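Notes to accompany the following structure.
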Amino acid sequence: MLEIKLKEKYHSSDIFLFFTLGCCDVNIGNEFKKASMRDDFWENLWIDPMFHGTEGNLHMAYHFYEMGISSNNNFVELFNSCKEEQTVMGNYWNSDDHVGFLRLAVAMEPYCESTRNALQFSIQNKHHLLEPFECSVFILALTELDFNKYAGIINEGIRFLRESQKEDGSWGDLFCIRDTHYALKAISRTNGIFNNCVTNGLKYIINNQDRSGAWGIFFEKEGFRSRIDESCFALLSLIQTAPPSSISYEEFKFRDILFKQQKATYKPYFIHTSPIYENDRPVRAIYNKIKDMLLNANENIRIISPYVDMYYEDIINIKVLNPRVEIQIITRPRKDIKGARERIAKNVLDLLNISISGNLRTQELIHSRLIIIDDKEILISSADLTRESLFDEFNAGIYTRDDDSVKRCIDYFNNVWNESDKLNQS
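Using this note's numbering, the first residue of the sequence shown is number 82, and each one after it goes up by one.
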């Protein structure tokens with residue numbers, strides 16, 4: 082493979098081949114990374130079948146991230162063009178490319194709206210219970226986003242993979258080597274390599290190598306390209322999953338992922354709302370983060386916001402579905418509510434006060450905005466819970482799960498609560 086490809090110049094469409102070869106020889110990978118700095122490296126990438134939606138190969142773009150090339154401006158432009166192809170529902174043109182895009186988006190922009198929408202679409206449409214390929218890539222994306230949060234879906238997907246393995250040890254139909262590779266990655270990453278599924282899958286890979294040393298079927302239309310890809314999938318499976326020692330590459334990577342996720346749990350990070358940002362796109366990270374926080378609530382919700390005309394339906398639904406969740410809200414008095422949405426905002430206060438059993442209080446001196454969920458996570462920002470703040474204005478904030486910060490925030494909230502009045506109905 083290498084002898085044939087090196088007769089041509091390095092090109093971005095060969096990312097999968099050189100990622101694989103780089104796993105065997107770091108010098109080859111470094112040469113490819115150096116070549117990525119040239120403009121001609123990226124020529125015609127937009128029309129290359131690897132990244133054309135009908136081909137279902139968008140999952141290969143993740144290897145740019147693995148090789149450390151994803152910060153290149155040309156690749157960022159490619160990623161942004163991929164986001165533009167996403168529908169308003171969050172999905173892609175086919176399930177293969179949807180999970181491929183999701184995994185890349187988790188790596189590039191884990192908290193952006195495109196990632197959030199793609200994730201919700203996959204969860205709602207149970208991509209972990211579709212074909213083995215979609216299931217495996219989706220599981221990998223979830224482990225890389227937040228293993229503990231999505232452990233239930235991940236474990237259900239792993240059970241599906243175990244049950245869908247064929248008698249010969251493979252997964253899938255037309256692209257068995259590819260599908261088997263991803264299934265082995267998902268299972269060995271979360272369950273280890275010492276189990277029958279991994280053993281039988283590796284046997285299938287080994288037994289299907291032909292006399293030339295390659296894998297795959299020679300398709301008339303795709304020919305050599307298909308043989309290269311299938312051979313790379315097989316070689317990566319043997320490198321990353323086969324047990325030459327007590328721990329495989331995937332298990333080692335998974336431990337690193339969990340360590341970074343645990344570390345990130347307590348690390349504060351910046352989020353913002355911007356009507357116009359990069360490439361003239363709006364950023365609604367504060368809105369999305371609050372939405373996620375409310376969905377995570379199991380015990381209590383504490384909110385301080387001078388003005389409120391958003392999320393009231395979410396809060397009411399939480400109380401209906403789980404009456405045990407205690408909800409406390411502090412806002413400004415009715416007399417302070419002005420503007421075009423005055424009537425809506427006043428009605429919202431009444432609805433909220435009824436739904437949370439009178440746990441809405443007013444304090445005319447508040448200027449802070451914060452949300453505390455389950456005594457575990459907090460968001461402090463400049464944004465009111467209003468459409469203007471969350472969509473139309475520039476606002477910023479800090480999110481953290483740091484224990485000391487959460488405790489101090491709760492103490493602050495309780496003091497303001499004690500100094501506040503019950504909602505005046507007039």
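Backbone N, C-alpha and C fix where the C-beta goes; we use that ideal spot for every residue, glycine too. Owing to the predicted nature of the structure, the values given are computational and were not obtained by experimental measurement.
For residue j and residue i, believed in contact at Cβ under 8 Å, the rounded distance
i: Q444; j: S386; result: Not really, about 11 Å apart at Cβ, beyond 8 Å.
i: F228; j: I234; result: In fact, because the Cβ distance is near 10 Å, the residues do not count as touching under 8 Å.
i: I410; j: L441; result: 5 Å
i: T322; j: V279; result: 6 Å
i: L185; j: Y146; result: 7 Å
i: Y285; j: G253; result: Incorrect: roughly 11 Å between the Cβ atoms, too far for contact.
i: V497; j: L430; result: No, V497 and L430 are not in contact; Cβ-Cβ is about 17 Å, not under 8 Å.
Endpoints, alpha helix (DSSP H) assigned at residue i
i: T261; result: 257 to 272
i: T101; result: 96 to 105
i: N161; result: 154 to 165
i: G171; result: Looking at the DSSP string, G171 is not in any alpha helix (DSSP H), and its letter there is neither H nor E.
i: D456; result: No alpha helix (DSSP H) contains D456, which DSSP labels as neither H nor E.
i: C24; result: The requested residue 24 is not part of the displayed model; the chain covers only 82 to 507.
i: Y231; result: Neither: Y231 is in no alpha helix (DSSP H) and is coded neither H nor E.
i: N428; result: 423 to 436
i: G282; result: 277 to 288
i: I399; result: 393 to 402
i: R336; result: 330 to 346
i: E147; result: 143 to 147
Closest Cα partner of residue i within the set the options
i: N381; options: G233, I453, S152, A345; result: I453
i: L226; options: S486, P213, L183; result: L183
i: L432; options: I447, R450, M391; result: M391
i: T467; options: I425, N505, F275; result: I425
i: D349; options: T481, D291, Y263; result: In the sequence as displayed, the identity of residue 349 is Pro instead of Asp. It is T481 whose Cα lies nearest to the Cα of P349.
i: Y368; options: W174, N476, R243, F219; result: N476
i: G273; options: F335, N155, L200, T412; result: F335
i: H353; options: A267, D291, L471; result: L471
i: Y393; options: K427, K344, K419, I320; result: K427
i: L255; options: K341, S217, S307, T271; result: S307
i: K400; options: K416, L376, R415, R413; result: L376
i: R243; options: L223, N495, K488, S217; result: S217
i: H92; options: N111, S117, V107; result: S117
i: E474; options: V429, A366, Q409, S151; result: A366
i: E112; options: E124, S486, M148; result: M148
i: S94; options: D106, C105, K114; result: K114
i: R119; options: V107, I384, N153; result: N153
i: Y330; options: L319, T261, S176; result: L319
i: Q343; options: A464, L210, F145, T224; result: T224
i: C257; options: L451, Q290, C163, A186; result: Q290
i: N281; options: R450, S245, M141; result: S245
i: T464; options: S355, D484, Y173, N138; result: Sequence inspection shows Ala at residue 464; the Thr mentioned does not correspond to that position. Minimum Cα distance to A464 is reached at S355.
i: W123; options: V107, R405, E158; result: E158
i: E190; options: E212, Q205, S151, N206; result: S151
i: L139; options: K164, E166, D177; result: D177
i: N206; options: Y173, Y192, A232; result: Y173
i: E212; options: Y358, K247, R413; result: K247
i: E165; options: P363, D373, K488; result: P363
Residue j beta carbon less than 8 Å from that of residue i
i: I96; j: G103; result: no
i: S436; j: I396; result: yes
i: T168; j: L316; result: no
i: F214; j: R270; result: no
i: I309; j: L98; result: yes
i: D455; j: N403; result: no
i: A199; j: Y143; result: no
i: N360; j: N155; result: no
i: I479; j: F275; result: no
i: Q201; j: G171; result: yes
i: G297; j: E311; result: yes
i: H179; j: S195; result: no
i: F219; j: H262; result: no
i: F494; j: R415; result: no
i: K266; j: L221; result: yes
i: L460; j: I371; result: yes
According to DSSP, residues forming a beta bridge with residue i
i: D502; result: T443
i: G478; result: I352, S462
i: L451; result: I385, I461
i: Q409; result: R383
i: V364; result: S355
Limits of the unbroken beta strand (DSSP E) element including residue i
i: L471; result: Premise fails: L471 is in no beta strand (DSSP E) and is neither H nor E.
Minimum Cβ-Cβ distance from residue i to chain D less than 8 Å
i: D361; result: Checking the listed chains, one finds no chain D in this structure; it contains a single protein chain.
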